[in-house]
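Residue numbers (the working numbering), protein chains in the order written: chain A, 1 to 290; chain B, 1 to 290; chain C, 1 to 290; chain D, 1 to 290.
Glycine included, C-beta positions come from ideal geometry on N, C-alpha and C.
Protein chains: 4
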Amino acid sequence: MDIGFIGLGEMGGAMVGNLLKAGHTVRVWNRTAAKAQALAAAGARIVGTPGEAFAGDAVLSMLADDAALREVIDAKLLDHAQPGLVHVNMATISVELAETLAHAHAGRGLHYVAAPVLGRPDAAQAAKLTIMAAGAAEAIDRVQPLFDVIGQKTWRVGAVPQQANVMKLAANFMLASAVESLGEAAALLDGYGVAMRDFLDVVTGGPFPGPVYAGYGGMIAQRRYEPALFKARLGLKDVRLALAAADAAATPMPLASVLRDSLLEAVAHGDGERDFAVLGKVAARRAGRG
Amino acid sequence: MDIGFIGLGEMGGAMVGNLLKAGHTVRVWNRTAAKAQALAAAGARIVGTPGEAFAGDAVLSMLADDAALREVIDAKLLDHAQPGLVHVNMATISVELAETLAHAHAGRGLHYVAAPVLGRPDAAQAAKLTIMAAGAAEAIDRVQPLFDVIGQKTWRVGAVPQQANVMKLAANFMLASAVESLGEAAALLDGYGVAMRDFLDVVTGGPFPGPVYAGYGGMIAQRRYEPALFKARLGLKDVRLALAAADAAATPMPLASVLRDSLLEAVAHGDGERDFAVLGKVAARRAGRG
Amino acid sequence: MDIGFIGLGEMGGAMVGNLLKAGHTVRVWNRTAAKAQALAAAGARIVGTPGEAFAGDAVLSMLADDAALREVIDAKLLDHAQPGLVHVNMATISVELAETLAHAHAGRGLHYVAAPVLGRPDAAQAAKLTIMAAGAAEAIDRVQPLFDVIGQKTWRVGAVPQQANVMKLAANFMLASAVESLGEAAALLDGYGVAMRDFLDVVTGGPFPGPVYAGYGGMIAQRRYEPALFKARLGLKDVRLALAAADAAATPMPLASVLRDSLLEAVAHGDGERDFAVLGKVAARRAGRG
Amino acid sequence: MDIGFIGLGEMGGAMVGNLLKAGHTVRVWNRTAAKAQALAAAGARIVGTPGEAFAGDAVLSMLADDAALREVIDAKLLDHAQPGLVHVNMATISVELAETLAHAHAGRGLHYVAAPVLGRPDAAQAAKLTIMAAGAAEAIDRVQPLFDVIGQKTWRVGAVPQQANVMKLAANFMLASAVESLGEAAALLDGYGVAMRDFLDVVTGGPFPGPVYAGYGGMIAQRRYEPALFKARLGLKDVRLALAAADAAATPMPLASVLRDSLLEAVAHGDGERDFAVLGKVAARRAGRG
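So this is what it looks like as structure tokens:
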């Protein structure tokens, strides 16, 4: 297929690599051109404006946050797009913006598919992302071959695009909850001289298998928060988005409120760029053992 | 070995069954005699007083809570015990009582081992419990053969008995945290018409494998809270014990505070005997969709 | 003075009445014209566009919220204003918007003063508002005669306009905190059959004098939430603004998080238009006595 | 009247002084005899055992906490008391212990009145305490003359003694809530360079008159937490008791949970003996400005 791709961060760059390998033609655009250059060697066609990328059979975008998206995918860009084009937004954005974008596309005869992913850059490179797609079924059908190239599994979660965003935010909320629970457990154990490492062995060998508890728990046990797999600042951003989505649906989430306060405390203490396992550091500080 | 066993609930009864199968002589006592009778057919020797059970090479106890324990394992019982006896307490009790018991035993030349377990009655029957043991190494060495019969793995977590209790409470705190996060996620998703069942498929197939998320999450998705795997009332009891242990170590645990409030709300609404997946019902009620 | 006034709700209308009584010439504009008509009899000069009101010696605005303000006080309006004009914004708005407005005015040679007030419509009518003003001292000096007419006291709280907004949000946060504490206290007392009325008599006669505890506490004691002095929906709006301001300054406010969750629960149960003393109803519901 | 008085701390000592001045005969007992000596000069009759004080027309007790009370007012003491004696317990104790004591007295034909007070030592010396009394009306009638001597007002809050304890705990919960709200407001204001002192002037001159906001707020504004009017450690004790009473009545109190966590953090950082205005320090620390 002939596709455009906007946003070449670690995630986007890895996806483009896999799309090229699979033989697709990919026109790429990125705010800072240097990142695009690196993909040229692999066959990507660099274009000078987002508008040139926003064309062809489909266009995928993977921008950092709401602000970046609002700046690039603006009314002018959409006005000039070819009716019938499928735009797949893979970024984790607010439910509010997802709704706005869905309307803006529909009003111009464009298809809007929300397809946020689970998985970090290494999973993106290995084409092992989990994709949660929502939007019109026929639009998703058309880009499914692309999803098959960049992910290991696509879940279709609804006909309304923002449903996929809500699902992504709920997943990241659960992730942050697990890390906060690890952090508080570590603080409790530390109060009695019990090694977090031992506790982790017990629970990851029992009720909590999988990489989340072992990975973040391991960082907390070692009190080592770098390199960051998931930065506290970005974890806070996603918790904020979850709370905003919940607020709009009149849904109290007290655990999410605790996460927000703890992540904010981490940022206030200069740990925003460290892994959000710093929630363990926050819990230890509260107990005077920070 | 010639051992005593006090407390024949679902967990205790299953353990005794496995100890008998392995050829040990087991004198059993239970407050309500009927439960002991059932084990007689399997070879257990029923005794009429806790004191008769509190003798031999070692004695194991598995009583319901602090109150039951204080009533049965009292000063008189300990005064009459043979110095050198190893008492293994496998119940989930408060750190405070564990400390009191450790002192009471030590003062009389008795060995006290705390050995709470992870695993429900079905795991107890299948001899697949995970045992967290703390106490003097030589005392644990003596009862290790018994642990090998009732559990699949023994973790030695420290020389001070209450360290094992803290570890157990930290594990149950994490369990409750996971269930609360599932409940709040379900409420958020419901606000946008996304099926919890779909979400569960995504996250249990990805970041959250294992029976905890699938099991409790499944109950929340179906809004079915019976039969109870873990009753809300007992979950609340354990969260209270975790908070009390944290308090004694001057360790704030805001997530545990949220759990306490949510579980208390469940109990207040008559759901104490239902599975603590009713945390999903509490989250839905808060959002006016209970 | 010759002044403009934008926004004629209960608060704005009462202020205009007092300004007219004091002999000022007031050009008024309101989205729905009917409210302006009522003031014409008292001498107000009705104008057809916000631009006509945004002129003279000074202009005061009292719009409902950020959205209303963004719509009316837009770039075009500011572009056409006479340099040197003092705009006094008396509404409770977000710190973020206050900052944006301050910049937008400064860039065009206009003076921007933030002057939110404490006091409800009855205090506005009686010219007994408390005014918290922030901005350039000389700009405030120019409008001080107007403040003297509508309020009983003006506090100058800083040279940066948004400082007044933060102060207003902090005051409303404290108000909501007091009401939540009354609600939870009532739920606790109710659990033991103690009359909230008796409790109120004790505490308002002692540590908590003043109208806040007596007023909201009285509504909670009677479980009567109408007529609303301060609607739950508006209380939630202000708590959200306080949390947003705190977030931007990396300041965790766990009590504010609790307020947000409780007010959201009130709104979810259809009580958004009732007085925010419905926090008492929320507390009672949590305890199964709602 | 011929009365006994047990517990001569700052509060108890001041009460005894006023009872003596009013012409009552007071037999006093205190664990550490030195404090009793000081009252001998004023006419108090020092006795050597609690039992000697627990006699006469009535006995008042003002012991520090549950533990002190359990130790002094034990079964043996009650067994030897004269049936018909009225025991007035003025200490802030747990609802659970109040209930236990009420039963223990009733079973022996003794009258038990709970009469906790609002007011600090200076109010006790000035005989300006507020007394909340609960118990049998005829028993309260008999000691009312004593209440009239030590307090300025007696509120009769119910026939069941623990009702007075619940009311006292609810009042202290509200006090702690006000201080936490002041602390969080100060942290928010500080994030924008607004002086807490200015804010206090505004709110104490408006919605929040009275000594609580001015007093604790003033300490927070000055970041000076000594001398302690109300120690953080004792504030935590009372919040714990409120939470325990709420728990027993299945009443969630999320604000109280926040208070507990914040006070625990204060204690963990070595501020337990400082005034509980240190909640302001906790809020500042969370924001990285501690």
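Closest in alpha carbon position to Asp57/D, among Val117/D, Leu146/D and Gly107/D, is Leu146/D. Using a Cβ distance threshold of 8 angstroms, Thr251/B and Gly191/A count as a contacting pair.
Arg233/B is positioned such that its CB atom lies closer than 8 angstroms to that of Gly272/B.
The three-state reading of DSSP puts Ser257/A in helix, counting H, G and I together. In the three-state reduction of the DSSP assignment, Asn165/B falls in the helix class. Asp66/A has no beta-bridge partner at all, per DSSP. The C-alpha of Arg240/B lies about 27 angstroms from the C-alpha of Leu188/B. When secondary structure is reduced to three states using DSSP, Gly119/A falls in the coil class, being assigned neither helix nor strand.
Counting only runs of 3 or more residues that sit fully inside the region 72-122 of chain A, the beta strand (DSSP E) segments are 86-89 and 111-114, in chain order. Judged by their CB atoms, Gly151/C and Leu129/C are nearer to each other than the 8 angstroms cut-off. For Thr130/C, the neighbours in chain D by C-beta distance under 7 angstroms run, in chain order, Val202 and Gly206.
DSSP links Asp2/C through a beta bridge to Thr25/C. Of all residues in the region 96-121 of chain C, only Leu118 come within less than 7 angstroms of chain D when Cβ atoms are compared, listed by chain position.
With contacts defined as CB atoms closer than 8 angstroms, Leu69/A and Gly51/A fail to qualify as a contacting pair. Distance between Ala228/C and Gly217/C, taken at the CA atoms: about 13 angstroms.
Chain-order list of chain B residues neighbouring Pro252/C: empty, with the shortest C-beta distance near 10 angstroms, by a criterion of under 7 angstroms.
Interface with chain D (8 angstroms Cβ-Cβ cutoff): Leu69/C is excluded.
From the beta-carbon of Val267/D, the residues of chain B found nearer than 9 angstroms are Ala250. If you look at Arg31/B, you'll find it isn't in any alpha helix (DSSP H); DSSP assigns it neither H nor E. Taken through DSSP and simplified to helix, strand or coil, Arg223/D comes out as coil.
Here Val59/B is bridged, per DSSP, to Gly4/B and His87/B. CA-to-CA, the gap between Asp79/D and Leu236/D works out to about 34 angstroms. Taken through DSSP and simplified to helix, strand or coil, Asp275/B comes out as strand. Lys128/B sits in coil when the DSSP states are folded into three classes, being neither helix nor strand. For Val157/D, the enclosing beta strand (DSSP E) stretches over residues Gly151 to Gly158.
Within the region 40-66 of chain C, contact with chain D at the beta-carbon level (separation under 7 angstroms) is assigned to no residue. Assigned with DSSP and collapsed to three states, Arg45/A falls in strand. For a Cβ distance threshold of 9 angstroms, residue set Thr251, Pro252, Met253 and Pro254 of chain C lies close to Arg286/D, ordered along the chain.
Beta-carbon to beta-carbon, Phe199/A and Ala170/B are separated by about 6 angstroms, close enough to satisfy the 8 angstroms threshold. Taking one beta carbon from each stretch, the region 162-181 of chain A and the region 101-114 of chain A have 3 or more pairs nearer than 8 angstroms; the two touch. When DSSP states are grouped into helix, strand and coil, Ala133/B belongs to the strand group. Going by beta carbons, Pro211/D and Leu118/C fall outside the 8 angstroms limit. For Gly290/D, no alpha helix (DSSP H) run applies, since DSSP gives it neither H nor E. For Lys237/D, the enclosing alpha helix (DSSP H) covers residues Ala232 to Ala248. By the criterion of a C-beta distance shorter than 6 angstroms, Thr25/C is surrounded in its chain by Asp2, once the five residues flanking it on both sides are discounted. In the same chain as Ala139/A, and ignoring 5 residues on each side of it, the C-beta atoms closer than 6 angstroms to its own belong to Val86, His111 and Val113, in chain order.
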